[in-house]
Amino acid sequence: MSNSTIESFKKRRSIYHLGKNLPVSKEVVTNTIKEAVKFAPSAFNSQSARVIILYGDESKKLWAIVMQVLKAMVPSDKFSETEQKINSFDAGAGTALFFEDMSVIKGLQDQMPSYAANFALWSHHGTGITQYAVWTALANIGIGASLQHYGNLIEEQVKTTWNLPSSWSLIAQMPFGSIETPAGEKEFSPIEERVKVIG
Ligand SMILES: Cc1cc2nc3c(=O)[nH]c(=O)nc-3n(C[C@H](O)[C@H](O)[C@H](O)COP(=O)(O)O)c2cc1C
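Just so we're aligned, residue 1 is where the sequence shown starts under full-length UniProt numbering, counting upward by one.
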């Protein structure tokens with residue numbers, strides 16, 4: 001039995017060798033991301049996910065920020081490896097930045113104090129689901145992407161550069177582009193050990 005959703009799940013991989021030759025137009029990419037974000041579920045339908053899509057030079061600006069911050073942190077004899085990695089993200093066509101709007105989370109905490117402690121956790125579940133939806137939807141239109149986490153190092157500079165609300169918390173960065181080299185074989189733990197059937 002074929003299931004197109006499962007087929008899309010299988011297509012999604014971490015793609016590190018990216019290029020700028022998108023197989024579809026920028027508009028199709030943008031709409032695909034919008035639809036994935038729109039239809040991803042969130043706790044109490046709070047829709048706290050925020051996404052900024054950077055294309056071209058704006059994406060390059062992001063990776064220049066990351067490069068500059070890491071250069072100040074990574075020992076110089078180890079920097080060439082870091083540089084190569086950041087250059088591989090920079091080589092893509094764009095980057096999607098995933099945020100959570102903490103003012104939405106705060107609103108929920110104030111509204112439902114008995115659940116207050118859970119909202120931060122659910123916000124992270126929600127952003128993870130949103131990221132996966134975008135990643136998978138991009139894979140389905142032949143676009144490669146990976147998931148990166150430099151948020152704590154670059155958040156303030158990102159917000160200043162693109163004039164973003166202070167309540168937005170930067171969670172993840174997803175560089176995307178054409179798939180220049182597909183992902184290698186992936187190892188899987190036995191699924192029977194991970195999923196049990198009872199009854
Ligand atoms: C929550 C989460 C965090 C991740 N963080 C990173 C990351 O910071 N950098 C990175 O290169 N890959 C990151 N990955 C990608 C995983 O390493 C990758 O998904 C995993 O090895 C399986 O490979 P696949 O994506 O090709 O299926 C992350 C994945 C998840 C789900």
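Idealized CB from N, CA, C, for every residue including glycine.
Predicted, not measured: the structure shown is a model, and the values here were computed from it.
Ligand 1 heavy atom lying under 7 Å from the CB of residue i
| i | result |
| --- | --- |
| Arg13 | yes |
| Leu121 | no |
| Ala137 | no |
| Lys186 | yes |
| Gln148 | yes |
| Gly128 | yes |
| Ala40 | no |
| Ala49 | no |
| Ala183 | yes |
Where residue i falls: helix, strand or coil (DSSP)
| i | result |
| --- | --- |
| Val37 | helix |
| Phe188 | coil |
| Tyr55 | strand |
| Gln173 | strand |
| residue 206 | A query on residue 206 cannot be resolved here, the shown segment of the chain reaching from 1 to 199 and no further. |
| Gly142 | coil |
| Ile65 | helix |
| Thr198 | The displayed chain sequence assigns Ile, not Thr, to residue 198. In the structure shown, Ile198 sits in coil (DSSP, three-state: anything other than H, G, I, E or B). |
| Ser42 | coil |
| Ile6 | helix |
| Leu70 | helix |
| Ser166 | coil |
| Ser48 | coil |
Cα-Cα separation, residue i to residue j
| i | j | result |
| --- | --- | --- |
| Gly72 | Ile198 | Gly is not the amino acid found at residue 72; the sequence shown has Ala there. Rounded to whole angstroms, Ala72 to Ile198 spans 53 Å at the Cα level. |
| Glu156 | Lys186 | 36 Å |
| Ile105 | Ser48 | 7 Å |
| Gln173 | Trp63 | 10 Å |
| Ala116 | Phe79 | 42 Å |
| Asn140 | Phe119 | 31 Å |
| Ala43 | Thr130 | 12 Å |
| Lys85 | Pro165 | 29 Å |
| Pro41 | His125 | 10 Å |
| Gln111 | Leu121 | 16 Å |
| Lys11 | Thr136 | 7 Å |
| residue 230 | Gln109 | The structure shown has nothing for residue 230, since the chain only spans 1 to 199. |
C-beta contact flag for residue i and residue j at 8 Å
| i | j | result |
| --- | --- | --- |
| Leu70 | Pro175 | no |
| Ala93 | Ile53 | no |
| Val134 | Val37 | yes |
| Ile171 | Glu58 | no |
| Tyr16 | Ser146 | yes |
| Arg13 | Ala183 | yes |
| residue 233 | Thr30 | There is no way to answer for residue 233, as the model of the chain reaches only from 1 to 199. |
| Ser123 | Ser167 | no |
Going residue by residue through the segment 80-164, where are the continuous beta strand (DSSP E) segments of at least 3 residues, counting only ones entirely within it? 94-101
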